[in-house]
Amino acid sequence: MKIGTTLFLKIAVFLMGLPVLALGIFGLPWLGNNPVNPDYAHILYPVVIGMYVSVIPFFVALYHAFKLLSYIDKNQAFSELSVKSLKNIKFCAITISGLYMIILPFVYLVAELDDAPGLIIIGMVPAFASMVIAVFAAVLQRLLQEAINIKSENDLTV
Numbered sequence: 001m002k003i004g005t006t007l008f009l010k011i012a013v014f015l016m017g018l019p020v021l022a023l024g025i026f027g028l029p030w031l032g033n034n035p036v037n038p039d040y041a042h043i044l045y046p047v048v049i050g051m052y053v054s055v056i057p058f059f060v061a062l063y064h065a066f067k068l069l070s071y072i073d074k075n076q077a078f079s080e081l082s083v084k085s086l087k088n089i090k091f092c093a094i095t096i097s098g099l100y101m102i103i104l105p106f107v108y109l110v111a112e113l114d115d116a117p118g119l120i121i122i123g124m125v126p127a128f129a130s131m132v133i134a135v136f137a138a139v140l141q142r143l144l145q146e147a148i149n150i151k152s153e154n155d156l157t158v
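This is the structure we're talking about:
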């Protein structure tokens, strides 16, 4: 396979990390220092801390996605390395979902104090989106593992 066939996807993975990095450097510190209503800023701090902690598995998942694309470029798509990368992506997505589920009660408190019920739905989006990614990675991991097993059986019979 040509080296540049997954170049677009590698660029997309890189570009997915840039807004999160910018938010972590500029957005979240600003939000922590300038809450809309200082009366309930103490409730906002666990949300900001949880968002900072969720950045770690996000970048780990992006790194493994980049590695997976590199394996595809090297014709190692059907290897245990690819299965391991998918497993790590799945674990990171489950971790992100769990972190946002922990953050959700604090989002509820902020929404209750600010009388903004739509904030609860917005707070659920990262949790459910990362769970969808985890399920998708688990399905791909299983399919890839079965393909590797079939390939190894065929290699043994030849």
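Counting from 1, position 9 in the sequence shown corresponds to residue 9 in the working numbering; the numbering is continuous, with no gaps.
For glycine and all other residues, C-beta sits at the position ideal for the given N, C-alpha and C.
Taking the straight line between their C-alpha atoms, what separation do you get for residue i and residue j?
i, j, result
"Ile11", "Leu69", "11 Å"
"Asn34", "Val139", "42 Å"
"Leu23", "Leu81", "31 Å"
"Ile150", "Gly118", "48 Å"
"Ile122", "Ala77", "36 Å"
"Leu44", "Leu109", "9 Å"
"Lys84", "Ser152", "17 Å"
"Leu86", "Asn154", "24 Å"
"Tyr52", "Phe8", "28 Å"
"Gly17", "Asp115", "32 Å"
"Ile25", "Leu156", "53 Å"
"Ser54", "Pro38", "24 Å"
"Ile133", "Ile148", "22 Å"
"Pro46", "Arg142", "36 Å"
"Gly27", "His64", "26 Å"
"Val48", "His42", "10 Å"
"Leu31", "Ile56", "19 Å"
"Ile72", "Pro29", "38 Å"
"Ala111", "Glu146", "46 Å"
"Val36", "Ser79", "50 Å"
Out of the options, which has the shortest C-alpha to C-alpha gap to residue i?
i, options, result
"Tyr40", "Val135, Ala134, Leu86, Leu113", "Leu113"
"Ile96", "Ser130, Pro38, Gly17", "Ser130"
"Pro19", "Leu62, Ile102, Ile122, Phe136", "Leu62"
"Lys74", "Thr157, Thr5, Ile148", "Thr5"
"Phe136", "Val13, Cys92, Phe59, Ala111", "Cys92"
"Gly125", "Leu99, His64, Pro38", "Sequence inspection shows Val at residue 125; the Gly mentioned does not correspond to that position. Among Leu99, His64, Pro38, the Cα nearest to that of Val125 is on Leu99."
"Val60", "Trp30, Gln141, Leu21", "Leu21"
Is the beta carbon of residue j closer than 9 Å to that of residue i?
i, j, result
"Gly50", "Ile89", "no"
"Ile94", "Val107", "no"
"Ala127", "Leu144", "no"
"Phe58", "Phe14", "no"
When you measure from the CB of residue i to every non-hydrogen atom of the ligand SAH, does any distance come out below 8 Å?
i, result
"Phe106", "Among the components modelled here there is no ligand, and therefore nothing to report on the ligand SAH."
Secondary structure, alpha helix (DSSP H): runs of 4+ residues fully inside the stretch 39–87: Along the stretch 39–87, the alpha helix (DSSP H) occurs as fully enclosed runs of 4 or more residues at 41–73, listed in sequence order.
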